[in-house]
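Inspection log for the structure reproduced underneath, given as structure tokens.
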Amino acid sequence: MNRDVNDSTSPIGVFDSGMGGLTVLRALHERLPAEDIIYFGDTARVPYGTKGEKTVRTFASQDAGLLVDLGVKMVVVACNTASAFALEHLRETMSVPILGVINPGVRTALAGTRGGAVGVIGTSGTIRSGRYQEGLAAGGLEADRILVQECPLFVPLVEEGLMGHAMTKMAVEEYLQPLRDAQVDTLILGCTHYPALKDDIGRFMGPDVTLVDSADALASAAQDRLAELSLLRDDDRREGKLEFYLSDIPWKFQEIGARFLGKPIEEVITVGLDEMEAFVDNND
Ligand code: DGL
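Note that the working numbering gives residue 235 to position 226 of the sequence shown, counting from 1, and the numbers run on in steps of one.
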């Protein structure tokens with residue numbers, strides 16, 4: 010593809026480990042309706058949240074490589090785990106601006122906290138990477154005001170559509186009780202899937218706790234960055250085109266896709282793992 014990536018008419022690329030990043034695509038599309046967006050979900054290799062740093066970095070490089078090859082003007086890393094493990098590496102190796110979900114979420118939380126503690130929930134990889142903790146500390150939050158919790162069961166519960174279900178209620182209580190006891194006033198939903206659990210989490214944490222949805226924070230950061238680079242496409246009358254690429258078509262993919270995107274996905278292009286692996290990570 011020979012599109013000039015400095016051209017505002019080029020699409021924005023978004024990737025995630027699977028379908029959860031469609032929450033980010035949705036937020037981006039709502040905020041920037043004139044932009045074309047290409048989404049890649051690595052559904053053949055999901056989950057990333059349980060995998061180690063090197064594996065996630067390799068997968069993320071291939072995902073971003075595919076999008077750059079498709080001519081995107083910016084890559085948005087919708088996956089929190091990939092943002093945690095691979096953002097710096099992608100910035101060093103890719104030819105287009107790279108945006109991750111962690112910093113926008115951190116900034117929103119720091120701006121919103123009312124002097125209490127800030128909680129962060131995410132996959133095991135995201136929490137163990139320490140990136141959210143570093144970001145909050147760099148923003149001036151003392152260590153005893155940062156509380157983190159891995160919530161590995163949340164992703165499968167959302168994928169099974171169990172929002173509001175008794176099993177989800179149990180998992181929410183189990184994971185979030187320590188954060189409630191510590192009286193966090195702000196809770197970062199540090200995973201693509203967790204916005205789908207906003208009601209369950211909000212009910213348990215109570216109305217005084219602000220839930221930070223990293224999808225919204227990221228969409229606003231993407232808008233600012235594109236404007237700064239004069240790459241924003243802001244023709245009011247234009248309805249941007251959405252294209253979907255997946256490395257596998259999961260069972261119930263239409264149902265899960267509609268859950269995250271808010272509408273059905275009409276057409277999907279499948280990219281085989283052999284094609285993905287051809288995007289070699291030169292820095293390894
Ligand atoms: N997309 C991942 C994240 O936001 C959640 C799913 C996974 O573990 O791959 O961390």
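For glycine and all other residues, C-beta sits at the position ideal for the given N, C-alpha and C.
Where A126 sits in the DSSP three-state scheme: Strand.
Contact test: S26 Cβ vs ligand 1 heavy atom, cutoff 7 Å: yes
Inter-residue CB distance, A87 and V33 (contact presumed, cutoff 8 Å): 4 Å
8 Å CB neighbourhood of L108 in its chain, flanking five on each side removed: M83, V84, V85, V86, L227, A230, A231 and R234
Host beta strand (DSSP E) of V193 (start-end): V193 to G199
Buried/exposed call for T279, threshold 16 Cβ in 10 Å: exposed
Alpha-carbon to alpha-carbon, E39 and L188: Distance between the alpha carbons of L188 and E39: 31 Å.
G148 (DSSP reduced to helix, strand or coil): For G148, the secondary structure class from DSSP, reduced to helix, strand or coil, is coil.
Residues near V289 in its chain [Cβ-Cβ closer than 6 Å; skip 5 each side]: none
Beta-carbon proximity check, V81 vs S19, cutoff 8 Å: yes
Coil, strand or helix - D217 by DSSP: coil
7 Å Cβ shell around D243 - same chain, five flanking residues per side excluded: The residues are A43.
Separation of G144 from R154, as counted between CA atoms: Each residue's alpha carbon lies about 13 Å from the other.
Contact under 8 Å by Cβ, T59 with G170: no
Contact set for G22: own chain, Cβ-Cβ below 6 Å, skip 5 residues either direction: I47, L76, V81 and V84
Per-residue DSSP class, three states only, for L251: strand
Identified DSSP bridge partners for T135: When beta bridges are read from the DSSP output, T135 appears opposite no residue.
Helix, strand or coil at V115 according to DSSP, with G and I counted as helix: Reduced to three states, the DSSP call for V115 is helix.
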